[in-house]
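Chemist: Per mature numbering (1 follows the signal peptide of the UniProt record, and there is no 0): the sequence shown = residues -27 to -1, 1 to 203. By construction, the Cβ of each residue, glycine as well, lies at the ideal position given by its N, Cα and C atoms. Just so you know, these numbers come straight off a predicted model, no measurement behind them.
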Amino acid sequence: MPASPLITRHRLLLALVVLVLAAAAVAAVVALRSNAEPAAGAMPSASPTTSGEGAEDQAAGPEPDEPGQGGSEPSAPAPSDTDDAEPGPRVDTATAPEPRETLDPAPFDAVATPEPGVTVAVPSVEDVTGQANVPGEVGGPALRFAVELTNGTGKALDLRTVVVNAYYGPDRTPATSLLKPGGKPFEPEVAAGGSASGAFVFSVPAEFQDQVELEVDAGVGKAIVIFTGT
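(1) Looking only at its chain, what residues have a beta carbon closer than 8 Å to the beta carbon of A179, apart from the 5 residues adjacent to it on each side?
(2) Starting from the N-terminal side, write out each stretch of the beta strand (DSSP E) that is 3 residues or longer and does not extend beyond the segment 103 to 162.
(3) Taking 7 Å as the limit between beta carbons, can you name the residues of its chain near V95, skipping five residues before and five after?
(4) Where does the unbroken beta strand (DSSP E) through P87 begin, and where does it stop?
(5) So, with DSSP's three-state summary, where would you put F81?
(6) Classify L76 as helix, strand or coil using the three-state DSSP reduction.
(7) Can you grab the Cα-Cα spacing for the pair A105 / A169, in whole Å?
(8) Select from V193, K157, A148 the residue whose C-alpha is nearest the C-alpha of V185.
(9) Assign G103 to buried or exposed, taking buried as 16 or more other Cβ atoms, counted over all protein chains shown, within 10 Å of its Cβ.
(10) Using a Cβ-Cβ cutoff of less than 6 Å, which residues in the same chain neighbour A139 once the five nearest sequence positions on both sides are dropped?
(11) Please report the straight-line C-alpha distance between T92 and D131, rounded to a whole angstrom.
(12) What does the Cβ neighbour count give for L(-12), buried or exposed, with the cut at 16 atoms within 10 Å?
(13) Could you tell me the alpha carbon to alpha carbon distance between D158 and T134, rounded to whole angstroms?
(14) Should P143 be labelled buried (16 or more other beta-carbon atoms within 10 Å of its own) or exposed?
(15) Leaving out the 5 sequence neighbours to the left and right, which residues in its chain are closer than 7 Å to K195 when beta-carbon positions are compared?
(16) Rounded to a whole number of angstroms, what is the C-alpha to C-alpha distance between G109 and A164?
(17) Nearest by alpha-carbon distance to D190: which of E74, L116, L(-9) is it?
(18) What residues are listed by DSSP as bridge partners for D100?
(19) Using only CA atoms, which one of R(-17), G112, E162, V137 lies nearest to P154?
(20) Thinking C-beta only, is G192 closer than 7 Å to P172?
(21) Please name the residue, chosen from G167, D77, R145, V198, that lies closest to Q182 on a Cα-to-Cα basis.
(22) Shortest alpha-carbon distance to V137 belongs to which of A(-4), T126, L151?
Below is the structure:
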């Protein structure tokens, strides 16, 4: 039997609704794809940053102009009126110590006066055999000198700064001091009107014992005395 007009109309409406829904579904799918692709493939836009190298460049600021690349060049210093002045003589403010006075050599039997009221004498010179007791000493032929210092001043004298040295031969070779036999230093002090004595041993080769000098430095401010002979 032929379909009734009412059934045919319902079928057409149903088909039309299906087509509309299918078209709407296709349009929705296309719209979703078009919105998703730019979001997935789009590159992130550059934005200012304050970390890494960009921050260093911003903090450093523009580099100064190099010479020859433009910008202002440093101006030369203005000439001074003293540039052409010749340097004056150099003044040495350091004062050199005054040379110590050394008295003329005297024989061993003489009495020397290094300072008014102070006398130095050598009562005896003995030929002895030196003994090595400490490192640096050499035993053998030696001379022992007895030295006497008299204090005729009105005050005590400090003898801790007294120095006694000996030399021998034509070249005044320094003699090595020894402690034994019989070496004896001065007392630390000699009272006013008193005297002090000491014994000083020096290693002197036998062939030069007739060419000997004894040097006595009685202290700061006093002249150095020298005795010579045998």
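Modeler: If we stick to the structure as given:
(1) Against the sequence shown, residue 179 aligns to sequence position 206. Correct list, in chain order: P114.
(2) Whole beta strand (DSSP E) segments, 3+ residues: 113 to 124, 136 to 141, 149 to 151.
(3) For the purposes of this step, residue 95 is taken as the residue at position 122 of the sequence shown. Within the same chain, V95 has close Cβ partners F81, F118, A119, V120, L187, F200.
(4) For the purposes of this step, residue 87 is taken as residue 114 along the sequence shown, with counting starting at 1. Counting along the chain, the unbroken beta strand (DSSP E) around P87 starts and ends at 84 to 88.
(5) Reading the sequence shown from its first residue, position 108 is the one you call residue 81. Residue state, collapsed to three classes: coil.
(6) In the sequence shown, the residue the question calls residue 76 occupies position 103. DSSP places L76 outside both helix and strand once states are collapsed to three, so it counts as coil.
(7) Along the sequence shown, one-based indexing puts residue 105 at 132. Along the sequence shown, one-based indexing puts residue 169 at 196. Each residue's alpha carbon lies about 26 Å from the other.
(8) In the sequence shown, the residue the question calls residue 185 occupies position 212. The option with the nearest alpha carbon to V185 is A148.
(9) Counted from its first residue, the sequence shown places residue 103 at position 130. Buried, by the Cβ-count rule.
(10) Within the sequence shown, the letter at position 166 stands for residue 139. Counting only residues of its own chain and dropping the five nearest sequence neighbours on each side, A139 has a CB closer than 6 Å to the CB of A148, F175, L187.
(11) For the purposes of this step, residue 92 is identified with residue 119 of the sequence shown, where counting begins at 1. For the purposes of this step, residue 131 is identified with residue 158 of the sequence shown, where counting begins at 1. In this structure, the CA atom of T92 is about 14 Å from the CA atom of D131.
(12) The residue given as residue -12 occupies position 16 in the sequence shown. With a threshold of 16 other beta carbon atoms within 10 Å, L(-12) falls short and is exposed.
(13) Counted from its first residue, the sequence shown places residue 158 at position 185. Counted from its first residue, the sequence shown places residue 134 at position 161. As written in the sequence, residue 158 is Pro, which differs from the Asp given in the question. Those two C-alpha atoms are separated by around 11 Å.
(14) Taking the sequence shown and counting its residues from 1, the one referred to as residue 143 is at position 170. The C-beta of P143 has fewer than 16 other C-beta atoms within 10 Å across all chains shown, which makes the residue exposed.
(15) As a working mapping, residue 195 is identified with position 222 in the sequence shown. Cβ within range, chain order: P87, E88, V91.
(16) The residue labelled residue 109 in the question sits at position 136 within the sequence shown. The residue labelled residue 164 in the question sits at position 191 within the sequence shown. About 35 Å.
(17) Walking along the sequence shown from the start, residue 190 turns up at place 217. Ranking the options by Cα distance to D190, first place goes to E74.
(18) Translated into positions along the sequence shown, residue 100 becomes position 127. DSSP, once it has assigned bridges, lists L116 as partnering D100.
(19) Stepping through the sequence shown from its first residue, residue 154 is reached at position 181. Closest by alpha carbon: G112.
(20) Working through the sequence shown from its first residue, we reach residue 172 at position 199. Working through the sequence shown from its first residue, we reach residue 192 at position 219. What sits at residue 172 in the sequence shown is Ala, not Pro. By the CB criterion at 7 Å, A172 and G192 fall outside the cutoff.
(21) Residue numbering aside, residue 182 sits at position 209 when the sequence shown is read from its first letter. For Q182, the nearest C-alpha among the options comes from R145.
(22) Along the sequence shown, read from residue 1 onward, the residue named residue 137 stands at position 164. The residue from A(-4), T126, L151 with its alpha-carbon nearest to that of V137 is L151.
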